[in-house]
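Asker:
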Amino acid sequence: MTAQPLRVLFCIGINQNFFDLPADGVGPGDVWKAFVSMMDGIKEMPGVDFIGDMDDDSHLVGPSDGWPWTCYILADVDSQDTVKAACNLFRTTPVGDGDAKLWRFAKVEARMGRALTVRDDVTLPE
Numbered sequence: 857m858t859a860q861p862l863r864v865l866f867c868i869g870i871n872q873n874f875f876d877l878p879a880d881g882v883g884p885g886d887v888w889k890a891f892v893s894m895m896d897g898i899k900e901m902p903g904v905d906f907i908g909d910m911d912d913d914s915h916l917v918g919p920s921d922g923w924p925w926t927c928y929i930l931a932d933v934d935s936q937d938t939v940k941a942a943c944n945l946f947r948t949t950p951v952g953d954g955d956a957k958l959w960r961f962a963k964v965e966a967r968m969g970r971a972l973t974v975r976d977d978v979t980l981p982e
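Residues 857 to 982 (the working numbering) make up the sequence shown, in order.
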C-alpha cells in the first residue's frame with residue numbers, strides 16, 4: 857500500500873503589525889510582495905500538490921489570530937517535514953530591504969488530516 861499524502865489546510869492570519877504600516881521603511885506593498893513569494897515557494901516545494909486557496913479579506917476586517925482566518929491554502933503534502941518547511945517560509949521570507957521577515961506581519965497554522973474518503977477498514981452495505 858502506498859502512503860497517502862497529508863491533506864493540509866494552511867490557515868493564515870494577518871496581524872496588527874500589517875495594519876500599522878507603513879513603519880520602519882516597510883509598506884503594505886512590501887508585505888504583499890513577500891506574501892506572493894511565500895505562496896509561490898509553497899506551490900513550488902517538492903512534495904506539495906497545491907489544490908487551491910481562499911481569501912476572505914472582504915468579510916473579515918482587521919487582524920485575525922485564529923478562526924476565522926484571513927486566508928487559507930489547501931494542499932496535499934508528502935510528509936510532516938514538508939509541512940514544517942512550508943510553515944518555515946513565514947520565518948525566512950524577507951519583507952522589504954531590512955531585516956523584517958513575513959512572520960512579523962502574518963502567522964500560519966497547519967491543520968493536517970487526510971482526504972475525506974471511506975477508509976479501507978470500513979465495509980459499506982450493498
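Cβ atoms here follow ideal geometry from the backbone N, Cα and C, with glycine treated the same way. Note that this is a predicted model, so its numbers are computed, not measured.
#1: Hey, could you find the ends of the alpha helix (DSSP H) Glu900 is sitting in?
#2: Reducing DSSP to helix, strand and coil, say where Val933 ends up.
#3: Using DSSP with H/G/I as helix, E/B as strand and the rest coil, what is Phe961?
#4: Excluding the 5 residues preceding and the 5 following Gly881 in the sequence, name in chain order all residues of the same chain whose CB lies nearer than 8 Å to its CB.
#5: If you draw a straight line from the alpha carbon of Lys957 to that of Gly903, how long is it in whole angstroms?
Answerer: With the structure as the only source:
#1: Locating residue 900 in the sequence shown gives position 44, counting from the first residue. Per DSSP, Glu900 belongs to the alpha helix (DSSP H) from Pro884 to Glu900.
#2: Along the sequence shown, one-based indexing puts residue 933 at 77. Of the three classes helix, strand and coil, the one that applies to Val933 here is strand, per DSSP.
#3: For the purposes of this step, residue 961 is taken as the residue at position 105 of the sequence shown. Correct three-state label for Phe961: coil.
#4: Within the sequence shown, the letter at position 25 stands for residue 881. These residues qualify, in order along the chain: Gly952, Asp953 and Gly954.
#5: Against the sequence shown, residue 957 aligns to sequence position 101. Against the sequence shown, residue 903 aligns to sequence position 47. Cα to Cα, the separation comes out at about 24 Å.
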